[in-house]
Amino acid sequence: MTSLTYPQLPESCLVVLIGASGAGKSTLASTWPASQVLSLDALRGAVSDDCGCQEATGDAVDVLHLERRMARRKFTVVDATNVTRSAREPLVAAAKRHGMPVIAVMVATPASVCVERQGPRPANRTVPADTVRAQHKAMVHSHPTLLAEGFNEVLFADSLYQLLPYLKRLSEKRTADLGLDGGEGLGDLLLVRRVFGEEILPLWRWKPGSDVAGGDRVAEIRLGQQYLTLALRTNVDGEGDYGFDVLLPCPHDDECPGYAWAPADSITCLFRALNGDLDTSEDIVCTVHGGVDDVDQEADDHALQALRETVGSVR
Ligand SMILES: [Zn+2]
Numbered sequence: 151m152t153s154l155t156y157p158q159l160p161e162s163c164l165v166v167l168i169g170a171s172g173a174g175k176s177t178l179a180s181t182w183p184a185s186q187v188l189s190l191d192a193l194r195g196a197v198s199d200d201c202g203c204q205e206a207t208g209d210a211v212d213v214l215h216l217e218r219r220m221a222r223r224k225f226t227v228v229d230a231t232n233v234t235r236s237a238r239e240p241l242v243a244a245a246k247r248h249g250m251p252v253i254a255v256m257v258a259t260p261a262s263v264c265v266e267r268q269g270p271r272p273a274n275r276t277v278p279a280d281t282v283r284a285q286h287k288a289m290v291h292s293h294p295t296l297l298a299e300g301f302n303e304v305l306f307a308d309s310l311y312q313l314l315p316y317l318k319r320l321s322e323k324r325t326a327d328l329g330l331d332g333g334e335g336l337g338d339l340l341l342v343r344r345v346f347g348e349e350i351l352p353l354w355r356w357k358p359g360s361d362v363a364g365g366d367r368v369a370e371i372r373l374g375q376q377y378l379t380l381a382l383r384t385n386v387d388g389e390g391d392y393g394f395d396v397l398l399p400c401p402h403d404d405e406c407p408g409y410a411w412a413p414a415d416s417i418t419c420l421f422r423a424l425n426g427d428l429d430t431s432e433d434i435v436c437t438v439h440g441g442v443d444d445v446d447q448e449a450d451d452h453a454l455q456a457l458r459e460t461v462g463s464v465r
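Just so you know, this note's numbering puts 206 at position 56 of the sequence shown, and the rest follows in order with no gaps.
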C-alpha cells in the first residue's frame, strides 16, 4: 500500500471519490473548481430527470465525459459513491487509456453519520438507511483491492489539505466581485446579490432615467413576458441604509395613477410579489393613496388633493 504523509495530488490525474451516500463527497468535491468535478449524480439526472434514481446509470454519458477530459489530461474529480468495483472499473479504464494516474480518495465517514445526513435531503436524494449501511460496508471492503484494480494511490479524505486551496479560490472570487483585482467587479450588483442571490444577477437590469421611484434608482428583473420593477432606496430606517422596494398594483384603486411600493428584502418577496401574494400587503405604500393607515383618512379630499400635487411635483 502506497501512503503519502503530505499528499500532493498530481496536476494531471483522475481522483475517484469513494464513500457512502451522505459521507460528504460532494462537500469535498466543491473544494475543487466546479469545472473539474464530474458529478455522476448530476449526469445521471440529465439522463433520468431524477438525480436520486439509483438505477438510471447513464454510464455511456459518464464515460464519454470522462474520456474527453482524460484525453486532454485534465485534472478531474469523480463525485459518486463508487463503492463497487463495477462502478469504478470504467473510470479506471478511461484514465489508463490516456496514461493518467488514478487516485482513490476514501471518504470514510461513519455509517451512522451518513444515515443521519439523509434526513434533510430532498425526497428523491434520500437513500434508505439499509442502502447507506450497505454502501459503507462495500466501501470498507473495497479498500484492500483498490491498488489491484489499477489505482496508483489510495488516500483517505482526512489526509487531504483542501481547505487552503478552497479558501484561496473563494477569496479570489470575492476579490474579483469587489473589483479589487483591477477588474470592474460587481459594483452596485453586490447589494443585489446579497439581498436576492446570485441567480438573479443575469436577469437584473438598471433602468437609467426611469422616474417611477421618485428619483431613486429603478431596476427590472425580466424573464420573457414576466417582470418585476424594483427601486433602490437609500434611506431605509435612517440615512445610509440600503434596501429595495418592489412595484405592485395599487390595492386601493385599479386605475390608480400612482405607484404602489412594498419592501422586498429576499427572493421570497420577489416570488410573492409576482404570484400576487403581496397584492394586499399592509406594507404597501402608494404614492397617491399612501399606506394602510393613510387610507382611513381618505375622506379628506383636500388632503388627497394636496398629496396628488406633491406626487406630481416629485415626478
Ligand atoms: Zn394608489
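Where a beta carbon is used, it is the ideal one built from N, C-alpha and C, also for glycine. As the structure is a prediction and not an experimental result, all values here were calculated from the model.
Just to check, is the beta-carbon of residue i closer than 7 Å to a non-hydrogen atom of ligand 1?
| i | result |
| --- | --- |
| Gly364 | no |
| Asp327 | no |
| Val435 | no |
| Val442 | no |
| Ala412 | no |
| Cys406 | yes |
| Val438 | yes |
| His215 | no |
| Asp403 | yes |
| Cys400 | yes |
Residue i and residue j: beta carbons closer than 8 Å?
| i | j | result |
| --- | --- | --- |
| Trp411 | Leu420 | no |
| Leu382 | Ile371 | no |
| Met250 | Arg223 | yes |
| Val257 | Arg283 | no |
| Leu241 | Val228 | yes |
| Arg238 | Val166 | yes |
| Leu341 | Tyr377 | no |
| Leu297 | Val304 | yes |
| Gln312 | Leu178 | yes |
| Ala363 | Phe394 | no |
| Val255 | Ile168 | yes |
| Asn302 | Val233 | no |
| Leu164 | Ala245 | yes |
| Val368 | Thr379 | yes |
| Gly335 | Ala326 | yes |
| Leu339 | Leu351 | yes |
Consult DSSP for residue i and reduce its assignment to one of helix, strand or coil.
| i | result |
| --- | --- |
| Asp395 | strand |
| Cys406 | coil |
| Met220 | helix |
| Cys163 | coil |
| Pro352 | helix |
| Val252 | strand |
| Glu239 | helix |
| Val362 | coil |
| Leu428 | coil |
| Ser189 | strand |
| Leu336 | coil |
| Cys468 | Lying outside 151 to 465, the shown extent of the chain, residue 468 is not represented and no answer is given. |
| Asp387 | coil |
| Thr234 | coil |
| Val228 | strand |
| Cys203 | Residue placement at Cys203 is poorly supported in this model, since its pLDDT is 46, which falls under 50; the coordinates still yield a value, given next. Of the three classes helix, strand and coil, the one that applies to Cys203 here is coil, per DSSP. |
| Ala184 | helix |
| Arg367 | coil |
| Val213 | helix |
| Ala245 | helix |
By the 10 Å Cβ neighbour count, where 16 or more other Cβ atoms means buried, how is residue i classified, buried or exposed?
| i | result |
| --- | --- |
| Gly440 | buried |
| Ser262 | exposed |
| Gly269 | exposed |
| Leu159 | buried |
| Gln375 | exposed |
| Gly172 | buried |
| Gly347 | exposed |
| Gly365 | exposed |
| Pro401 | buried |
| Ser189 | buried |
| Ala170 | buried |
| Ser292 | buried |
| Lys476 | Coverage of the chain is limited to positions 151 through 465, which leaves residue 476 absent and any answer about it impossible. |
key: Segments of 3+ residues assigned as beta strand (DSSP E) that fall wholly inside the region 268–332   = 303–306
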